[in-house]
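Report on the structure given below.
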Amino acid sequence: METFKLVMPQNLNHFGVLFGGYMLMWVDEIAWIAATMEYPGHRFVTIGMDHVEFKHGVKQGTILTFETSRTHVGNTSVKFLVNVLAAGHEGTCESIFSTTVTLVNVDQEGKKVAVRID
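Just so we're aligned, residue 83 is where the sequence shown starts under my numbering, counting upward by one.
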């Protein structure tokens, strides 16, 4: 799955670059959307990200590309790799962030339940 975001002024920190919290929020949201689209009817919640390291700052006006792919399906969980690329003005793309997000399927009481593979 591929998704895009535009870095806007409200997404910047006091140094004028993307605040890392927005990146983490977007990655979490996009992984959840990917899981929900692949497994309709499931109730996924995020339980972790494997590694958080920002490779460099991102300026206002940058178009970010989020490439998402499923890497694992367990009994009650799924994992999605999210790779974030920044589009340069010359038409180039550079990877600026990558992590694997683990989501677990829960029932209405929040207890883990099996992922149904149809």
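Idealized CB from N, CA, C, for every residue including glycine.
With the cut-off set at 8 Å, would you say residue 155 and residue 197 are in Cβ contact? Within the sequence shown, numbered from 1, the residue matching residue 155 stands at position 73. Within the sequence shown, numbered from 1, the residue matching residue 197 stands at position 115. It is a contact, given that the beta carbons lie within the stated cut-off.
Let me know if residue 88 comes out buried or exposed under the rule of 16 or more other beta-carbons within 10 Å of its beta-carbon. In the sequence shown, residue 88 corresponds to position 6, counting from 1. So residue 88 ends up on the exposed side.
Cβ neighbours of residue 116 in the same chain (closer than 6 Å, five flanking residues each side left out): The count along the sequence shown starts at 1 and reaches residue 116 at position 34. Here the set comprises 83, 150 and 162.
Could you tell me which residues DSSP pairs with residue 124 in its beta bridges? The sequence position of residue 124 within the sequence shown is 42, counting from 1. Bridge partners of residue 124 according to DSSP: none are assigned.
For residue 148, count neighbouring C-beta atoms within 10 Å of its own C-beta (all shown protein chains included) and say buried if the count is 16 or more, exposed if not. Position 66 of the sequence shown holds residue 148. Looking at its Cβ environment, which holds 16 or more other Cβ atoms inside 10 Å, residue 148 is buried.
Own chain partners of residue 100 with C-beta closer than 6 Å, once the 5 adjacent residues on each side are dropped: Locating residue 100 in the sequence shown gives position 18, where the first residue counts as 1. A distance below 6 Å between beta-carbons, with the five flanking residues on each side excluded, links residue 100 to the following residues of its chain, in chain order: 89, 93 and 140.
What residues match up with residue 186 in a beta bridge as DSSP calls it? Start at 1 with the first residue of the sequence shown, and residue 186 comes out as number 104. BP columns for residue 186 point to 127 and 159.
In the DSSP output, what is residue 152 paired with across the bridge? Taking the sequence shown and counting its residues from 1, the one referred to as residue 152 is at position 70. DSSP, once it has assigned bridges, lists 162 as partnering residue 152.
Nearest by alpha-carbon distance to residue 199: which of 123, 109 and 138 is it? To locate residue 199, count along the sequence shown from 1; it is residue 117. When only C-alpha atoms are compared, the closest one is 123.
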